[in-house]
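Since the structure comes first, as structure tokens, the remarks are kept for the end.
Chains as they are written, first to last, in the working numbering: chain A, 1 to 331; chain B, 1 to 322.
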């Protein structure tokens, strides 16, 4: 049996899931093969791996909380039913330049984080089609560039501690790979401002069942948020696990996923969009071939949405129209 | 200066089968959010909310199974609030009436939608296990009638004050039945309406549930509200929500009457009923002073035309939200 510690305690509960962990250890009679924790939960994972003692853990978590609270005001929101490629395309196409992807939780659940005004403005763009926008009640823009100064200060604080070699591999949020003993300080500090690559972390663990035994996951602590997420994370069959290469630096998996998606985008879409823009100015009267709308008039240039869709916005209408479904009316 | 927008969330008794049906069938965003809620309710109860709500064809059956009415009300109010917010209408205040305080807590971000649904369900389970059968009766008339019929009211208590000629009483089921028979059966000409609620909310009858409720609801994490919240139980704006406040909401009477009067006397507002029946906007209509510039709107009602009602509300407000 293999199992995973993946606790996500609230800020109040801090390291309490530790107790459930020891109970779980007793029941299982053996240590888990891997541990991982989501955001703050990563501290519980490191604690379970004997990276530091309970008292040190509390000190780290306390300082981390204080530094995060000092960061400039910001907000976070969960976006459902949009892939990472969709989210990044929408942010880019709508000039939401001060928002970062904070959590990559499942292929359909992304959390964005950034300046409060932009997170609020983003809502309008994430309520098209099946996409859902959920504002989160966090006190700041965690895992975003607004946390950079806090992350740097935290690094200096972490340098004052000595960490023990890990007794169990801990999967790090920022790399979706096992922690390296010599990089504990850097990895923990980076976590404040970098994306939580949760989906990649789980897929990486799932790929370890090559001996025919399925990876078993167990959630420790309050609630079952992470267990529910698991149901939405498919196994990545293309993932090759080479544990020897673990210590070498390589691009983060999220970057590789992004690359693959970018490569997939058919170039034809860009051509359709440029051809339209060259020919038809904003304010062109059009007709929709799918539904009967009165007098449509374009209010934007055509754009590429989600990396693959040619879209255009109309006066008086909120959502985008598929460029393939509109034709200019003869004036 | 534009008027502040107040989203009002109604409580138990405002639910009915088929509520939101037209929107569910024709409004893709409403359907999307309802299906999202449905999945969460299924997780918490093992039952499908939408199958129960929209499965049958009878609009008139009494929808009073608290295990579903609790999450159903929260879900429908959450979805209606989402629809308005997606149309660009953002509330300046969230006002909760009884169980509506749970919906307003979720819209304010105090609890996540998932937690809110779980709390609604766990509370309903607690009621079914621990509470005696109760009832609630809405009475059309002045609350002064209690003095005229003191013996009839002794075993019931006032649980809600809606407007001058509309109040609600709660008590054990048999007492409520007796009171209704008395008020309507002796030629007093008093109109009453038994609510689709089988518990004596806001009355001493549910007092024994207190320790169980506090223990259950104490295990949730309450965040500070993102949007200012007004409690119709406290009669004013509240700084936050925790299990103690939620207990007061359930146990103490609701004073919608003074809450609205106080608010409307401080400033002219746009009151929007986010409940399925439009009961709160009707109450506001009777509560606003003459020559007021406050307005009241509904989003749904029991008489169909959901899309038209919603569109009217949205078009009425577009332009007033900048």
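In this text, a Cβ means the ideal position worked out from N, Cα and C, and glycines have one as well.
For residue 47(B), no CB of chain A lies under 9 angstroms from its own CB, so it is not counted at the interface with that chain. The residue among 53(A), 329(A), 311(A) and 72(A) with its C-alpha nearest the C-alpha of residue 151(A) is 72(A). Taking a Cβ-Cβ threshold of 8 angstroms, the residues of chain B close to residue 132(A) are 32, 33 and 36, in chain order. In the three-state DSSP reduction, residue 194(B) falls in the strand class (E or B). For residue 323(A), the nearest beta carbon of chain B is not closer than 9 angstroms to its own beta carbon. A Cβ-Cβ contact shorter than 9 angstroms links residue 74(A) with residue 140(A). By alpha-carbon distance to residue 91(B), the top candidate from 176(B), 23(B), 60(B) and 228(B) is 228(B). Closer than 9 angstroms at the C-beta level to chain A, one finds these residues of the stretch 210 to 227 of chain B: 219, 221, 223, 224, 225 and 226.
For residue 143(A), the three-state secondary structure derived from DSSP is coil. Residue pairing for residue 305(B): DSSP places it in no beta bridge. With fewer than 16 other Cβ atoms inside 10 Å of its own Cβ, residue 239(B) counts as exposed.
Secondary structure note for residue 84(A): its alpha helix (DSSP H) is the uninterrupted segment 84 to 93. Exposed is the label assigned to residue 129(B), since fewer than 16 other Cβ atoms lie within 10 Å of its Cβ. Among the CB atoms of chain A, none fall inside 9 angstroms of the CB of residue 61(B).
Rounded to the nearest angstrom, the gap between the Cα atoms of residue 166(B) and residue 68(B) is 27 angstroms.
Of all residues in the stretch 67 to 99 of chain B, only 86 place a beta-carbon less than 7 angstroms from a beta-carbon of chain A. Only buried fits residue 120(B), as 16 or more other CB atoms lie within 10 angstroms of its CB. Listed by position along chain A, the residues whose Cβ is nearer than 7 angstroms to that of residue 109(B) are 135 and 137. Interface criterion not met: the Cβ of residue 25(B) is under 9 angstroms from no Cβ in chain A. Among the residues facing chain A, residue 43(B) is included, as its CB has a counterpart in that chain under 9 angstroms away. Taking a 10 Å sphere around the C-beta of residue 96(B), we find 16 or more other C-beta atoms and assign the residue as buried. Boundaries for residue 134(A): no alpha helix (DSSP H) harbours it, while the beta strand (DSSP E) harbouring it runs 132 to 136, taken from the DSSP string. For chain A, none of the residues of the stretch 159 to 186 of chain B brings a beta carbon within less than 7 angstroms of one of its beta carbons. When 8 angstroms is used as the limit between beta carbons, residue 127(A) is near these residues of chain B: 29 and 86, in chain order. For residue 203(B), there is no enclosing beta strand (DSSP E), as DSSP marks it with neither H nor E. Under the Cβ criterion of 9 angstroms, residue 228(A) is counted among the residues facing chain B.
Bounds of the alpha helix (DSSP H) holding residue 44(A) are 41 to 48. Rounded to whole angstroms, the Cβ separation of residue 197(B) and residue 13(B) is 5 angstroms, and the two are in contact under 8 angstroms.
Cβ contact annotation for residue 46(A) (same chain, cutoff 7 angstroms, sequence separation greater than five): 52 and 170, in chain order.
In the structure shown, residue 85(B) falls within a helical segment according to DSSP collapsed to helix, strand and coil. In the displayed model, residue 104(A) falls within a strand according to three-state DSSP. Residues 125 of the same chain have their beta carbon placed closer than 6 angstroms to that of residue 90(A), with the five preceding and five following residues left out of the count. Interface annotation, residue 124(A): in contact with chain B, CB-CB separation under 9 angstroms. If only complete runs of 4 or more residues are kept, the stretch 145 to 203 of chain A shows the alpha helix (DSSP H) at 148 to 158 and 184 to 191, in order along the chain.
In this structure, residue 8(B) places its C-beta atom within 9 angstroms of the C-beta atom of residue 274(B). Where residue 41(B) is concerned, there is no enclosing beta strand (DSSP E), although the alpha helix (DSSP H) around it starts and stops at 28 to 45.
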